[in-house]
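Asker: Protein chains in written order, with my numbering: chain A, 1 to 212; chain B, 213 to 487.
In this text, a Cβ means the ideal position worked out from N, Cα and C, and glycines have one as well.
These numbers were taken from a predicted model, which means no experiment stands behind them.
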Amino acid sequence: MIKIDNLTKKFGSSISLDSVTCEFNKNDSIAIMGANGAGKTTLIRSILGYYHPDEGKVLINGYSPITDRVRVLKDISFVPQLPPPIKLNIEELISYVVTSSDVERALILHYANEMKLNIKENLNKSFFKLSGGMKQKLLIAISLAKKSNIIIYDEPTANLDPNARDDFYRLLKQNEDEKVLLFVTHRLEEVKELVNRQIYMDLGKVTSDERV
Amino acid sequence: MKNLSLIAYLDLKESIRAKWFLVYSLVFGGLIALFFIAGVTESQVMGFSGLSRLLLMYIQITIVILPIFILITTVRSISGDRDNHILEYMLSFPISLKQYYWGKIIGRFITVYLPVLFAMIIAIIYGAFKGAEIPWSIFFLYTGLLFALSSAFLGIAFFISSFVKSSEVALGIAFFIWIFLLAFIDIALISLMMQERFSTELIITISMMNPMEIFRVAAISLFDPELTVMGPVAYYILDTMSQKMFVFLSIGYPVILGLVFATLGFVVFKKKDLV
Ligand SMILES: Nc1ncnc2c1ncn2[C@@H]1O[C@H](COP(=O)(O)OP(=O)(O)O)[C@@H](O)[C@H]1O
Ligand SMILES: [Mg+2]
Numbered sequence: 001m002i003k004i005d006n007l008t009k010k011f012g013s014s015i016s017l018d019s020v021t022c023e024f025n026k027n028d029s030i031a032i033m034g035a036n037g038a039g040k041t042t043l044i045r046s047i048l049g050y051y052h053p054d055e056g057k058v059l060i061n062g063y064s065p066i067t068d069r070v071r072v073l074k075d076i077s078f079v080p081q082l083p084p085p086i087k088l089n090i091e092e093l094i095s096y097v098v099t100s101s102d103v104e105r106a107l108i109l110h111y112a113n114e115m116k117l118n119i120k121e122n123l124n125k126s127f128f129k130l131s132g133g134m135k136q137k138l139l140i141a142i143s144l145a146k147k148s149n150i151i152i153y154d155e156p157t158a159n160l161d162p163n164a165r166d167d168f169y170r171l172l173k174q175n176e177d178e179k180v181l182l183f184v185t186h187r188l189e190e191v192k193e194l195v196n197r198q199i200y201m202d203l204g205k206v207t208s209d210e211r212v
Numbered sequence: 213m214k215n216l217s218l219i220a221y222l223d224l225k226e227s228i229r230a231k232w233f234l235v236y237s238l239v240f241g242g243l244i245a246l247f248f249i250a251g252v253t254e255s256q257v258m259g260f261s262g263l264s265r266l267l268l269m270y271i272q273i274t275i276v277i278l279p280i281f282i283l284i285t286t287v288r289s290i291s292g293d294r295d296n297h298i299l300e301y302m303l304s305f306p307i308s309l310k311q312y313y314w315g316k317i318i319g320r321f322i323t324v325y326l327p328v329l330f331a332m333i334i335a336i337i338y339g340a341f342k343g344a345e346i347p348w349s350i351f352f353l354y355t356g357l358l359f360a361l362s363s364a365f366l367g368i369a370f371f372i373s374s375f376v377k378s379s380e381v382a383l384g385i386a387f388f389i390w391i392f393l394l395a396f397i398d399i400a401l402i403s404l405m406m407q408e409r410f411s412t413e414l415i416i417t418i419s420m421m422n423p424m425e426i427f428r429v430a431a432i433s434l435f436d437p438e439l440t441v442m443g444p445v446a447y448y449i450l451d452t453m454s455q456k457m458f459v460f461l462s463i464g465y466p467v468i469l470g471l472v473f474a475t476l477g478f479v480v481f482k483k484k485d486l487v
């Protein structure tokens, strides 16, 4: 589903991705690990089509996430490393997702509920005024409600308490069939149950890639 | 299409809640209120009277402050969202960059245009209520001029926003452009004129490429050309082309200028890394 071919991305003179080649297929649940600055976020952003590569390419189901971004992103759910300070209120953010991505509003509320996020009382609150954990729960609920075949999480559990983490992993377990699940994480032990492939990155390269 | 209106609508709602919008609306609404309190409509100075005088004063102040308002509030719209990672999340949904960018512009246009227009409409209504005669041709001209003024500076602001790296730089550039168009061009041209090295036609043509100068002249173009307030430039222009032609130019040119800059901004936005 995701094909990364000889991908190189530089920022000025520093190389963030150095000729990365790899493939992610259906039913792969991958933990991507590596030190800070290894290039994990850069890799994920390249999959989302945010970066113009210096060399190589990314194809998702045969399409480029840059030139065919609408088609490609229909099938991707993404939760970033840090929830951004979006100024829309919750209701507006939900309508943004519902309208742009054909997601059912009820499903977002359902998953928010499963994540124990009290969403009904906060619908008119600005997103950036929620606590870090609440933001993350909402973004996770949205990512699950979108029912994408590719789910990408960039360190999504940073702000979650242990109970919320358990909820999250439980929901993911229910939703991972027939999908590609990409997980950037520093806590392998937490996601061991979920993942069947571990990738280590360092200095912009994939240093190990094994199935477990 | 639904995404375009979605983005525009959400941006509009977001702006309306923002503090700058409150200040913005208060400034223009307050201006009108102040004119009425000061009795501008009752006095008669230099041949202008009643509502026409009020509208003229309103547009002359607006020409100066609207551009800087638009520039400083808008110049950070895209660069700011990029800086604080809002783009990284919002653009992970299947919305084309075209819809995102132009949706933002449309939303922002409505936000900046409606308050200045409403302030003028309120003036008309209140003036009529007090028994003043309504200068419809001036009202319609100013509606068009404000539209053109908003487009021009919004386009410039989005262009800057598409390429600047940091918000501070964006603000700096915005302020420079404003002061440059407001004063520097004129000062430079006046000194050129005094040296008499270039023809007056050339100098006037150059000064007319500045949208702010066009607005200044257009704002008084419907008044009697004999009036002394017109100044040599306005006099010269209205002497060379018909009034209709000039009014058409004074609205068409800035709108096109705004569209060109906005389009350039889009090209840059698309070419560059998004986050
Ligand atoms: N937009 C950017 N501009 C300049 N350098 C960047 C940018 N994004 C990432 N980098 C650099 O690329 C390297 C990899 O970053 P990143 O992919 O965020 O690492 P990770 O997510 O593995 O911690 C780092 O050295 C970082 O400083
Ligand atoms: Mg990272």
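In terms of residues, what are the limits of the alpha helix (DSSP H) holding residue 225/B?
Answerer: Run containing residue 225/B: 214 to 229, per the alpha helix (DSSP H) assignment.
Asker: What's the call for residue 460/B, buried or exposed, on a 16-neighbour Cβ count within 10 Å?
Answerer: Classification for residue 460/B: exposed.
Asker: Would DSSP call residue 51/A helix, strand or coil?
Answerer: If DSSP states are grouped into helix, strand and coil, residue 51/A belongs with coil.
Asker: To the nearest angstrom, how far is it from the Cα of residue 435/B to the Cα of residue 272/B?
Answerer: Distance between the alpha carbons of residue 435/B and residue 272/B is about 14 Å.
Asker: Just to confirm the assignment: which complete alpha helix (DSSP H) runs, minimum length 4, are found wholly within the region 394 to 455 of chain B?
Answerer: Segments of the alpha helix (DSSP H) lying fully in the region 394 to 455 of chain B: 397 to 407, 412 to 420, 423 to 432 and 443 to 452.
Asker: At a cut-off of 7 Å, would you count residue 125/A as near ligand 2, judging by its Cβ distance to the nearest heavy atom?
Answerer: Outside the cutoff, so no.
Asker: Is residue 484/B near ligand 1 - that is, is its Cβ less than 7 Å away from at least one heavy atom of it?
Answerer: No, the beta carbon of residue 484/B sits no closer than 7 Å to any heavy atom of ligand 1.
Asker: Enumerate, from N- to C-terminal direction, the unbroken beta strand (DSSP E) stretches of 3 or more residues contained entirely within the region 166 to 193 of chain A.
Answerer: Listed in chain order, the complete beta strand (DSSP E) runs (minimum 3 residues) inside the region 166 to 193 of chain A are 180 to 184.
Asker: Applying the criterion that 16 or more other CB atoms from any shown protein chain within 10 Å of the CB defines a buried residue, is residue 360/B buried or exposed?
Answerer: Classification for residue 360/B: buried.
Asker: Please list, in chain order, the chain C residues whose beta carbon lies closer than 8 Å to that of residue 301/B.
Answerer: The question asks about chain C, but that chain is absent: this structure's protein chains are A and B.
Asker: Where does residue 373/B land, buried or exposed, given buried means 16+ other C-beta within 10 angstroms?
Answerer: That one is buried.
Asker: Who sits around ligand 1, taking every residue whose Cβ is closer than 5 Å to one of its heavy atoms?
Answerer: The answer, residue by residue, is 11/A, 16/A, 36/A, 37/A, 38/A, 39/A, 40/A, 41/A and 42/A.
Asker: Helix, strand or coil for residue 28/A? Go by DSSP, reduced to three states.
Answerer: Note: residue 28/A maps to coil in three-state DSSP.
Asker: Can residue 202/A be considered in contact with ligand 2, in the sense that its beta carbon sits closer than 7 Å to one or more heavy atoms?
Answerer: For ligand 2, not one heavy atom lies less than 7 Å from the Cβ of residue 202/A.
Asker: Roughly how far, in whole angstroms, is the beta-carbon of residue 188/A from the beta-carbon of residue 33/A, given that I think they are within contact range, below 8 Å?
Answerer: Right, their Cβ atoms sit about 6 Å apart.
Asker: Note down, in chain order, every chain B residue with its Cβ under 8 Å from the Cβ of residue 70/A.
Answerer: The contacting residues are 306, 307 and 308.
Asker: Is it the case that the region 226 to 240 of chain B contacts the region 275 to 295 of chain B, given that we only count it when at least three CB pairs across the two stretches are under 8 Å?
Answerer: Segments in contact, yes.
Asker: Look at the alpha carbon of residue 416/B and the alpha carbon of residue 462/B, and state the distance between them as a whole number of angstroms.
Answerer: For residue 416/B and residue 462/B, the distance between alpha carbons rounds to 14 Å.
Asker: Indicate the three-state DSSP secondary structure (helix, strand or coil) for residue 59/A in the structure shown.
Answerer: In this structure, residue 59/A counts as strand in the three-state DSSP scheme.
Asker: Is residue 184/A close to ligand 3? I mean its beta-carbon at under 7 Å from any heavy atom of the ligand.
Answerer: With respect to ligand 3, the structure shown offers nothing to examine, as its ligands consist of ligand 1 and ligand 2.
Asker: Bridge partners of residue 7/A, per DSSP?
Answerer: Per DSSP, 20/A.
Asker: Check whether the Cβ atoms of residue 25/A and residue 56/A lie closer than 8 Å to each other.
Answerer: Taking 8 Å as the Cβ cut-off, residue 25/A and residue 56/A do not qualify as a contacting pair.
Asker: State the start and end residues of the unbroken beta strand (DSSP E) segment that holds residue 202/A.
Answerer: 197 to 202 is the extent of the beta strand (DSSP E) around residue 202/A.
Asker: How big is the Cα-Cα spacing for residue 343/B and residue 254/B?
Answerer: Taking the straight line joining both Cα atoms gives about 11 Å.
Asker: Confirm, please, whether the CB-CB distance from residue 66/A to residue 152/A is below 8 Å.
Answerer: Not in contact: residue 152/A and residue 66/A (Cβ atoms no closer than 8 Å).
Asker: With distance defined between alpha-carbon atoms, name the residue in 69/A, 120/A, 130/A and 13/A nearest to residue 304/B.
Answerer: Considering only alpha carbons, the answer is 69/A.
Asker: Looking only at DSSP bridge pairs, what is residue 78/A linked to?
Answerer: DSSP, once it has assigned bridges, lists 152/A as partnering residue 78/A.
Asker: If we require 4 or more residues per run, which alpha helix (DSSP H) segments fall completely within the region 241 to 295 of chain B?
Answerer: Those alpha helix (DSSP H) runs which fall completely within the region 241 to 295 of chain B and span 4+ residues are 262 to 286 and 289 to 295.
Asker: For residue 209/A, write down the residues that DSSP places opposite it in a beta bridge.
Answerer: Residue 209/A is bridged to 199/A.
Asker: What are the start and end residues of the alpha helix (DSSP H) that includes residue 98/A?
Answerer: Segment 90 to 101, the alpha helix (DSSP H) holding residue 98/A.
Asker: Between the C-alpha atoms of residue 286/B and residue 474/B, what's the straight-line distance to the nearest angstrom?
Answerer: Their backbone Cα atoms lie some 12 Å apart in a straight line.
Asker: According to DSSP, simplified to helix, strand and coil, what is residue 470/B?
Answerer: In this structure, residue 470/B counts as helix in the three-state DSSP scheme.
Asker: Do you know offhand how far residue 262/B's Cα is from residue 351/B's?
Answerer: Their backbone Cα atoms lie some 13 Å apart in a straight line.
Asker: What does residue 15/A pair with, by DSSP beta-bridge criteria?
Answerer: BP columns for residue 15/A point to 10/A.
Asker: I'd like the span of the alpha helix (DSSP H) that includes residue 115/A, first residue to last.
Answerer: Unbroken run through residue 115/A: none, as it is neither H nor E.
Asker: Closer than 7 Å: is that where the CB of residue 177/A sits relative to any heavy atom of ligand 2?
Answerer: No, Cβ of residue 177/A sits at least 7 Å from all heavy atoms of ligand 2.
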